[in-house]
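Position one of the sequence shown corresponds to residue 6 (this note's numbering), numbered consecutively onward.
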Amino acid sequence: MAASSGSVLPKGSKQLVSCERVPRTGQDWKVTLDAQVHRKALELQQRKAAELKREREAGQKLERRVAVDVLASDWFTPDKHTAHTRAYLLEALLPTLLPGLEKLLTEAGNRQLLEEGATGGQAGAEQEFNPINYLAQHLMRNHPKICPLDPSHPYTRGLRQVLQQLKEEQVDLEDNRLVQMKLRVRETREQQVRAERVRSQVGERRKEALRAQFTEWSLEPDQTLQLRLVQNALRAFLEISSADLSPERTGVQYDRELDSAEDSQQTLKQEHFEEYVFSFIASLSTDDFERFLLHLSLCAQDHRREQHRELWRQTFSQLFQDCDSAKTGFLDRRRVLATLEGFYDGCDKSVRVTLHNPQSWPVRDPGKLDSTVFWNNPSEEKEEETAGETREPSPSIAASTETEPANGEEGVGELGVPAGEEGRPPEERTPSGIEIEETDSDESEEGGLNLTTLGLEPDPESLGPHRGVSAFNRRALDLPQFLQLLDTFLGEAAPKYAVQSLVGYLRVGYRETEQERLKRLEKTRKEAVLAQRRLALDALFEKCDNEGSGLLERGEVERALSRYKEGAEGGAINRAWECLGPPRPSLSRGDFHVLLQAVISELPPEGGQEGGFDRLLQFLAESAERSLAERSRGTKRRKWLHQIHRAALTGGSSLEPVYRAVFQTLHRDAEAHGNNKLISASIALLEGSDRLRYTACTAEDAPYVLNKELTRDMEKGVSFTAMDDGKPVHVPRVRLHGNVQFWNTLRPDEERKGSFVAVPLRDPCGRAIGVLGVDTLREPQERNIFLRHEIEFYQGVGNTFSLAFQHVLSLKNILCIVDSATSWLYSRAPSVRSVTTYLMEPAGETGSDYTLRKMMVLDSQTGRSRLLSSPASLRRRDHLFRDYLFKCCDSSETLSRVAYGEQRVVVPLRDPGGRALGVVDLSCGQQGALRPHEHRDLQGMVRMVQAACCQLLWETSGLARPSRLLEAEGAGGEERVALLFLRFMLEDLRGCVRRLDHQSFAELKSYKDPPPVVHQVLRAVLLMLHPHWEETPEIDRWSQCRLKVNSDLVRKVLHFDPTAHSVQVEREELAACLAGIPRGEVWQHGSLPAEHLYNWVSVCLSLLEQAEKLRQSREPAPSNSDTLQKDPPHPKQQQETESHQL
């Protein structure tokens, strides 16, 4: 009977499956055969094991029964020279030879051949017995390979013991390579076993520590921990451990890659947490593991605090809804601050020490406060605190807000406006005349600037990092800003009952009258209408500008408007044209907005302005109707232009992605809409006023074009003609034109066929910055001229590149300002341990979220910031423990937070519209508390950085003309940017000195024997103004020194320019004099004139050093200025001359 497929044979069966049995499937016979072979192998193994066991037992019985022959020990001698020979004989020959000799002698004795009296009659017997043959036969019959040795022989057993002893004790290990190798292998194996044992013990101890650390986290109700928290803690440890390393060193490395794509919704139990974390840190050193445990504990503390804050935010969100009775999404900032002041004044002292004073920074933004607040002295500060303690809380918050100055606006003049400049227009004032104040919500929405303040808005759906980011407003608070304000006010240690009391106090104290509510509703409605109009006008402009050139022909717009109502409104339309000023051949997006708004205002209000606006837009949209092919072409081109715009936003302040995006766009358009012709492209940037340098080009032309210079004095200069005229120049036949520069001199004249287009590049102010060139010299076909729609698109590419270039340049200048500011702060606030600068970049295709790119860190060794060559990007979901950075960007508000056990202050870098461009993260160490004078210096730095950034962005966007205050600023460009922060600081201190009255200086002159600090400060001031007074009684004696304190000294201080060439100051002597004046002692002394003069001398010395560095660096620019990919000490570069081969 055939066995079924997969059947198992009975145990002990020896019968094989018959060959006649055919398996049901093609694989069943293999299974059966494998089972039989496996069974037989097991049986053989069992039999062999049983035989070995029996032999071992027999040997043990034999050892107990038969004694070892002691004669074998004669072979064991201490002679090392023959040890190898004896070992070989004992192992290979004697165990077989000696039993043979023994049998030979026995046989000879049996034949009586060994007796001494044997006669010759036995000669025949001797001839029959040959001992040599007998021994040879025995050796052949008992060869070890054929016949195993008899283990029962006493002499053989003795030889084995001697051989073993000889090998162990008498063999020279140095000469025995085999034994030496075996010994090393054994030692290595033992070391591995010991290391594995130690590793196992260390691993168990580490797992035990991780199990204990698991309980420090705030767990879920089911006693589990979210996986995303563990991943973020692991990622944060890598960042922290590598933060203080030099670029050539490597930080901590995990045992496996940390994958951010793992399930973030998953939770871990204690045993899973232990195994998961241990898989990353098993091979860390002991010190690194101790730091890792401390890091996990700090992350657990931060997580617990964040959970408490989240509970507070839920309560505060409901409070915001209750206070926002008009449901506009905004609250009055001044009213909220006044309410917080009343709560702060009414709190007990034990609670007040846990809160931040709402009258000071960071609760109140420093931009609009009086300059003297930042250079205040301790005595005045103590008086303010005492007055705050004795002042009774206001009984009626609504009444107090009526007399409350608007965030310090009443009675406070503009920031350091020099005498005689109060009546000048803002754009003509010095930077101190420009108020450091972001625009209101209506102003920022209508006329403010977006992320880059440069108009980089190809379409309303691409707002970059500003989507979801609140704009700072001095008069209003939205929900994220309200939550952040209360979080900053409460601090880290506010008790729970204080939070509950604050909620109740705000709910009762914040009241709006019906008139205020209606006014806020009306304002919100107007803002919504204006926003809708802007979106509608943008959509209409893009529909009219189908090729994306960024300009509309004036004639086309005039013809379209003249047909409105069949010309019945011609007079109103003509009056609207007058709002644009002198006639221009083309209209920009802004001109188009102004024109249509003027037309609406001039038209009669038939059905209201809204109805007239809708009818006018509908008529113009119908007039600009395009064919399906044109609309499809325009959609593709806008998408490509958006890619150039996005490359500027996500390039990390580098032009290389922008160059690449420009050339890719040109090639795609030539393939899709240019009959698939071959083109070459190049970008030349203007250096000075009469030289163009080609900084980027397509790969084929790189050997001939890259880094070449084109000057005006050359005979061929179509590019300069395009820049001067401000419009593209098209050369249909370059060989016949005679005014085109051919860089490839190897190309024959008959092959110089094709067309060339030179498109001017201009900044927002209308100034020429370069030329975009496109040609078809590589196209073999004759039909290689450019059509009108192609030239218009190239004009749009040039316009988009110009905006992208200005954006990248602005980011570099902002980083340069922050570098100057952090260097100044580093010399005055030692408690500030580290400073890191982040810039915002859009994330995702729609730009609905943003990332933070780590651009610059402060080098604690040199005190200068280092621009990172490969800046990393931080995503919110991957850096939960750095969420305070994203909250600062969301609200555009300064915040103070404890993170990783260190006190941190995060300051937003805002554009003039109030939206955050990036953040500066300052770490104050584990102690956390800045000394009073360091806190004041930090406030002053924040205020001046904001002022310098706003001034820079205003100038870059064309909203303000550059002003010159210092002689070194005359060079402009990167040199002026490097001085901008210190220049603002100097101007602010001039205003502080100007506001000092005679009574303040009388205090200095009244000293007969002044404190050393006062004398040293005045001595440094006089050395700065009169260097030739060094080591003279004019400054060494106080009796002579105090006579110099008069109105003439104030006048010289107010007009002194430390960057002027005429200033000859010994910087080393002045630096030594200033180094002998501790900053803290000046602050503790409490003299306001001494404080202002000390700060003035310090800033002047910094300007002297910076001006000297700039003079030394004034050298001709190298031909290859590829400096963006390096780590310069600070990113100063006004004109991008980076060369790229793309």
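Each residue gets a CB set at the ideal place from its N, CA and C atoms; glycine is no exception.
query, result
"Exposed unless 16 or more other CB atoms sit within 10 angstroms - verdict on Asp227", "exposed"
"For Gly909: DSSP bridge partner residues", "Checking the sequence shown, residue 909 turns out to be Arg, not Gly. For Arg909, which the question treats as bridged, DSSP gives the partners Arg902, Ser928."
"Coarse secondary structure for Pro662, derived from DSSP in three states", "helix"
"Validate contact between the stretch 723 to 731 and the stretch 772 to 781 using beta carbons, cut 8 Å, 3 pairs", "yes"
"Proximity to Ala141 [Cα-Cα], best of Leu119, Thr101, Pro159", "Thr101"
"CB contact flag (Leu820, Ala983, <9 Å)", "no"
"Collapsed DSSP secondary structure at Glu448 in the structure displayed", "With a pLDDT of 36 at Glu448, under the threshold of 50, the modelled position of that residue is not reliable, and the figure given next carries that caveat. Looking at Glu448 - three-state DSSP - the assignment turns out to be helix."
"Per DSSP, the bridge partner or partners of Tyr855", "Pro847"
"Element boundaries [alpha helix (DSSP H), containing Pro104]", "99 to 115"
"Rounded straight-line distance, which links the Cα of Glu974 to that of Glu409", "Caution applies to Glu409, whose pLDDT of 35 falls short of 50 and renders its modelled position unreliable; the model cannot decide the point."
"Inter-residue Cα distance where the pair is Ser330 and Gly347", "22 Å"
"Under 9 Å between C-beta atoms of Ala499 and Leu324", "no"
"Collapsed DSSP secondary structure at His361 in the structure displayed", "coil"
"Supposed close pair Phe597, Leu542 - CB separation, criterion 8 Å", "7 Å"
"contact_flag[the stretch 845 to 865, the stretch 879 to 893] where n(CB pairs < 8 Å) is 3 or more", "yes"
"Pro765, DSSP secondary structure in three states", "strand"
"With 16 other Cβ atoms within 10 Å as the buried cut-off, status of Asp754", "exposed"
"C-beta contact flag for Val1018 and Ile1082 at 9 Å", "yes"
"Secondary structure of Gly612, DSSP reduced to three states", "The predicted position of Gly612 is uncertain, since its pLDDT is 48 and thus under 50; a value taken from the coordinates is nonetheless stated next. Three-state DSSP puts Gly612 in coil, outside helix and strand."
"Reduced DSSP category for Ala751 - H, G, I as helix; E, B as strand; rest coil", "Note that residue 751 is Leu in the sequence shown here, rather than Ala. If DSSP states are grouped into helix, strand and coil, Leu751 belongs with coil."
"8 Å CB neighbourhood of Gly567 in its chain, flanking five on each side removed", "First, the amino acid is wrong: residue 567 is Ser here, not Gly. Same-chain partners within the cutoff: Gly575, Ile578."
"For Gln231, three-class secondary structure by DSSP", "strand"
"Nearest residue (CA-CA) to Asn135, options Lys150, Met145, Leu118", "Leu118"
"Distance CB(Ser836)-CB(Arg909) smaller than 9 Å", "no"
"Leu759 (DSSP reduced to helix, strand or coil)", "Contrary to the premise, residue 759 reads as Gly rather than Leu in this sequence. The answer is coil: DSSP assigns Gly759 none of H, G, I, E or B."
"Pair within 9 Å by beta-carbon distance, Thr726 and Ala763", "yes"
"Among Glu898, Glu1035, Lys817, the one whose alpha carbon lies nearest that of Leu873", "Lys817"
"Arg503 versus Val356: straight-line alpha-carbon distance, rounded", "In the sequence on display, residue 503 carries Ala and not Arg. Cα-Cα distance, rounded: 7 Å."
"Gln1111 burial status per 10 Å Cβ neighbour count (16 or more: buried)", "buried"
"Residues that Ile688 bridges to, as DSSP identifies them", "Ala701, Leu777"
"Where Arg915 falls: helix, strand or coil (DSSP)", "strand"
"Cα-Cα separation between Asn551 and Val802, rounded to whole angstroms", "13 Å"
"According to DSSP, residues forming a beta bridge with Ala921", "Arg915"
"Stretch-stretch touch, CB-based, cutoff 8 Å, three pairs: the stretch 796 to 810 with the stretch 633 to 646", "yes"
"Stretch pair the stretch 314 to 324 + the stretch 485 to 500: three plus CB contacts closer than 8 Å", "yes"
"CB contact flag (Ser901, Thr493, <9 Å)", "yes"
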